[in-house]
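Chains as they are written, first to last, in my numbering: chain S, 46 to 446; chain C, 46 to 446. The structure appears right after this line, and notes come after that.
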């Protein structure tokens, strides 16, 4: 033992404040975590669990990105970067917007962040005051709601349905807009539904939000992972939107924790100031790695993966329908199918538990994503191999028949 | 261009909300950033600037850590880890506490975070309600104040002086404690002063805070970088404290963005829930790299660096005194000397500007760290080579004479 140890008498802790801040209670838990814990126990006991609950593809990080990281780390100089990120990377992302979406974005408006999580921290951190609300679809990704709670705001979740691709419409936005509203968040392709917002619907939602004096937040983290038409960016309609994106999903860099935020020009100063204070900067080696994300070699590899995911989607979609699940709209992106299991259950959480328990297949219950029809809903992720999907379908068939 | 471009008419933006959230104004800027911008302009024009404003040592990341990262990244499997971090890493940190401080910490209480920044986000995020205050020393590291502002709280900064190592005392804590107080933050070794809190002073500050029903937050990110006696951890006095630490400074991993937070047992659930929502997890490759931070080989290398920093400290301390700066207490840790330049200026910000302009030496003005005697103060970082320090001293001598 290197240091002296003190024999200080223990003082009374009775008065100790162990009451968490209010925001901790406002933040919803992930119910799927309970399932995951159980799945791990089963795996330790030797059972082979098929994981269809995980929002992380099974592909490794593309080779060119790996090599760029190795090259940088070998120098030993993994030092802080500017708070907003490596200028070269911000330029490359701007180039990507030009090439893929035909929009010109000043690299100054692009901030590199620790994942899309960091981008949401910044986006809501600079724009939300306590009491403010952000409109979101129900169902939606729970963390997006929770980022609003983090800053004392909250999500106003509006039920969405298959007719509108499970996405908000300009009409809904206008109808529900109120004094506390700061803005609207749309995610396309969406988690959990895998649906894309229609191009005109997005254009109109952006226009409605801005006419109401609000901020349009566009979650584009599944862009690139689309299996029919490509996703359009909110930046194609307005330079006043906030766009969250990430290298995690399409670029295969989940564990690298790197994403980005595009802000309108007047917000650049606020975003940089906050980034400096709450991150210092994003991981340097992840940034150097991401410099190779836009290489033709990488993009070619990602295109092959996209095609593989498309095949998995087609297979799982057909099989779930065959088994009696209802999927009112064929998902066109991300790697999720949000299925209505009302033919089998009116308690999809219990269904998920039983499915795990009896057949060792893990899926995510609807209640993780909202309340609207959540009791019938299950999210199936096709982030695992075709062989695993086929085995999961066999088990599922046995389970429901 | 891959996607269709829309010729949507631009809609009126007159109503657009561009008013940042209140917390953005509550967060103070870094004045040194203006100096840094100027320094970069000078460097682009060919001048050789000596940087003594940077809180990042010039050493590369130790070899064993680099190699562990390379080995992990080569697998291509840089996937999400559990939100609280790799279990093996949490265990290793617990082992480090046992070996170096003689305290037993349940690894469940240790959360891996994206740098100390992430640890502060979690610590204040789970404990601070809007309107709450945290007591801190003036001077202190500005981000620590700003983390409180982020959540609608604020720092109650109390002037500290050389007699108490520029650190808060139990007497001050008792005297200034009020209804809005949630806790007390002490950083030792401190930034900007480089001073350590006396062991008994720390014990008493912890006891006073807990008797008052508050939370004691201990910022220990410069632990290991001490040049006389070693720093003690607040965990040696209580298992109810929050401890923030990092692999950045002592372990030479600044750009890797990895740190940790130790919370009391009753707070584990809240901390995990928040981590899951706002980070997902810390960079995986940084975590695998950090597994090698506690290897004997790494620790031996770090000990050599510590000795080098001690020599730099001794040199710079003597030279600044010789030139007429006042340093009432010899700094014992971190890599900063906080000098009183009142023999030369009553406006240390202007002094820093002139020093940069005339002699191309960059230092940080006192006003970045508070208001108490800040107009005389300058922070010199010895994060650069002895040769650079000697050149800086020559320039400084010319400047003040």
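Backbone N, C-alpha and C fix where the C-beta goes; we use that ideal spot for every residue, glycine too.
Endpoints, the alpha helix (DSSP H) within which residue i is located
i, result
"residue 155 of chain S", "Run containing residue 155 of chain S: none in the alpha helix (DSSP H); it sits in the beta strand (DSSP E), 155-158."
"residue 240 of chain C", "First-last for residue 240 of chain C: undefined, no H or E at that position."
"residue 460 of chain S", "Chain S is shown from 46 up to 446; residue 460 of chain S falls before or after that span and cannot be answered."
"residue 88 of chain C", "77-89"
"residue 346 of chain S", "341-368"
"residue 444 of chain S", "431-445"
"residue 194 of chain S", "187-195"
"residue 108 of chain C", "108-119"
"residue 212 of chain C", "Per DSSP, residue 212 of chain C belongs to no alpha helix (DSSP H) and is neither H nor E."
"residue 69 of chain C", "67-71"
Paired residues, beta bridge with residue i - DSSP
i, result
"residue 291 of chain S", "S/304"
"residue 426 of chain C", "C/381"
"residue 228 of chain C", "C/179, C/260"
"residue 410 of chain C", "C/423"
"residue 95 of chain S", "S/406"
"residue 137 of chain S", "In DSSP, residue 137 of chain S forms no bridge with anything."
"residue 271 of chain C", "C/378"
"residue 318 of chain C", "DSSP output for residue 318 of chain C lists no bridge partner at all."
"residue 371 of chain S", "S/385"
Unbroken beta strand (DSSP E) run spanning residue i, endpoints
i, result
"residue 386 of chain S", "Residue 386 of chain S -> no beta strand (DSSP E), and no H or E assigned at all."
"residue 330 of chain C", "That residue, residue 330 of chain C, is in no beta strand (DSSP E); its alpha helix (DSSP H) goes 329-335."
"residue 203 of chain C", "199-204"
Local Cβ density within 10 Å of residue i, reported as buried at 16 or more and exposed below that
i, result
"residue 3 of chain S", "The displayed coordinates of chain S run from 46 to 446. Any statement about residue 3 of chain S would go beyond what the structure contains."
"residue 122 of chain C", "exposed"
"residue 402 of chain C", "exposed"
"residue 98 of chain S", "buried"
"residue 443 of chain S", "exposed"
"residue 227 of chain S", "buried"
"residue 163 of chain C", "buried"
"residue 130 of chain S", "buried"
"residue 194 of chain C", "buried"
"residue 106 of chain S", "buried"
"residue 349 of chain S", "exposed"
"residue 446 of chain S", "exposed"
"residue 341 of chain S", "exposed"
"residue 372 of chain C", "buried"
"residue 332 of chain C", "buried"
"residue 416 of chain C", "exposed"
"residue 242 of chain S", "buried"
Beta carbon proximity, residue i to chain S, threshold 8 angstroms
i, result
"residue 162 of chain C", "yes"
"residue 159 of chain C", "yes"
"residue 125 of chain C", "yes"
"residue 428 of chain C", "no"
"residue 75 of chain C", "yes"
"residue 420 of chain C", "no"
"residue 301 of chain C", "yes"
"residue 218 of chain C", "no"
"residue 433 of chain C", "no"
"residue 236 of chain C", "no"
"residue 213 of chain C", "no"
"residue 56 of chain C", "The predicted position of residue 56 of chain C is uncertain, since its pLDDT is 41 and thus under 50; no value can be drawn from it."
"residue 122 of chain C", "yes"
"residue 374 of chain C", "no"
"residue 179 of chain C", "no"
Any C-beta of chain C under 8 angstroms from that of residue i
i, result
"residue 315 of chain S", "yes"
"residue 230 of chain S", "no"
"residue 335 of chain S", "no"
"residue 22 of chain S", "Absent from the model: residue 22 of chain S. The displayed extent of chain S is 46 to 446, so no value can be given."
"residue 352 of chain S", "no"
"residue 136 of chain S", "no"
"residue 86 of chain S", "no"
"residue 415 of chain S", "no"
"residue 188 of chain S", "yes"
"residue 156 of chain S", "no"
"residue 170 of chain S", "yes"
"residue 268 of chain S", "no"
CB contact check: residue i to chain B, cutoff 8 angstroms
i, result
"residue 69 of chain S", "The displayed structure is made up of protein chains S and C, and chain B is not among them."
Any non-hydrogen atom of the ligand ZN closer than 7 angstroms to residue i Cβ
i, result
"residue 366 of chain C", "Absence of the ligand ZN from the depicted structure is noted, as is the absence of any ligand whatsoever, leaving it without description."
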